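Colleague:
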Amino acid sequence: MPPRRRPSPASAPRMVRAPDRVSGREESRRPPPAPSPAARVPRGRNKPSLILSLPSETAYLGLVREVTKKMAEVGGFAEPVAERLSLAVDEAATNVLEHAYKGATDREVELRFEDRGPDFRVELVDTGQMMDPRAVPQVDLDKFVTERRTGGLGMHLMEKIMDSVTFRRSARRNVCALVKHKTPLGEEPPGR
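Numbered as in this note's numbering, the sequence shown ends at 200 without a single skipped number.
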């Protein structure tokens, strides 16, 4: 995996001095957040959903994990399961950055989180090169470990953690959909 990059200085929050609206005294505070990364909650739904648009920089993968974990917990998953879901989404996002965008940092990745009652769904949308899941070789874990290989386990992890992983092309955009079915607490299958 490539080293994680820090957000560019232009997009990083900075402290500014501004007059307080009530007292008129100057005080230091952070400016309003930059337009990217952006998040919005679609209206008119009774289940939690969120759309998050992020720059195609590895520095934002931590945010992807945090938001995924929180959305999974809000959707009713126990903390250990939410952690695993965040790992699967992190792997999918990393695949977009490395394979679809080939490391380009001037693109965007859209994440759509949706609680559909019995299912928790995350879609990653990008405009990069389409991935063919059939081209990904099956992983022989024993051989993988004995050869001390690194990388190449992303699809395996996503398929192991999630109940469904699908890829499609829609309106010149790639959509990777990850779905996890909900089960009552304490009934989660081992290793999932």
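Just so it is clear, CB atoms sit at the ideal spot from N, CA and C, and this is done for glycine as well.
All figures in this text were calculated on a predicted structure; none of them were measured in a lab.
Counting only the same chain and skipping the five closest in sequence on each side, list residues whose C-beta sits under 8 angstroms from that of A179.
Modeller: In the sequence shown, counting from the first residue as 1, residue 179 sits at position 171. For A179, where only same-chain residues beyond five positions count, there are no Cβ hits under 8 angstroms.
Colleague: Residue range of the alpha helix (DSSP H) that E74 falls in?
Modeller: Residue mapping note: residue 74 aligns to position 66 of the sequence shown, counting from 1. Taken as a continuous stretch (DSSP letters only), the alpha helix (DSSP H) holding E74 covers L69 to V82.
Colleague: Are the region 114-122 and the region 87-95 touching by the rule of at least three beta carbon pairs closer than 8 angstroms?
Modeller: no
Colleague: Pull up the DSSP beta-bridge partners for H164, would you.
Modeller: Indexing the sequence shown from 1 puts residue 164 at position 156. BP columns for H164 are empty, so no partner.
Colleague: Verify the CB distance criterion: does K190 have a CB-CB separation below 8 angstroms to chain C?
Modeller: No chain C appears in the structure shown, which is made up of a single protein chain.
Colleague: Could you tell me which of E106, D171 and D123 sits nearest to I59, measuring between CA atoms?
Modeller: Counting from 1 along the sequence shown, the entry for residue 59 is found at position 51. It is D123.
Colleague: Let me know the secondary structure DSSP gives E122 once reduced to three states.
Modeller: Translated into the one-based positions of the sequence shown, residue 122 becomes position 114. Residue state, collapsed to three classes: strand.
Colleague: Would DSSP call D134 helix, strand or coil?
Modeller: Residue 134 sits at position 126 when you count from the first residue of the sequence shown. D134: strand per DSSP, three-state reduction.
Colleague: Have a look at the DSSP bridge pairing and note the partners of D98.
Modeller: Walking along the sequence shown from the start, residue 98 turns up at place 90. The partner list for D98 (beta bridge, DSSP) is empty, contrary to what the question assumes.
Colleague: How many angstroms separate the CA atom of R181 from the CA atom of G84?
Modeller: For the purposes of this step, residue 181 is taken as residue 173 along the sequence shown, with counting starting at 1. For the purposes of this step, residue 84 is taken as residue 76 along the sequence shown, with counting starting at 1. Distance between the alpha carbons of R181 and G84: 30 angstroms.
Colleague: A86 to L132, Cα distance in whole Å?
Modeller: Residue 86 sits at position 78 when you count from the first residue of the sequence shown. Residue 132 sits at position 124 when you count from the first residue of the sequence shown. Rounded to the nearest angstrom, the two C-alpha atoms are 23 angstroms apart.
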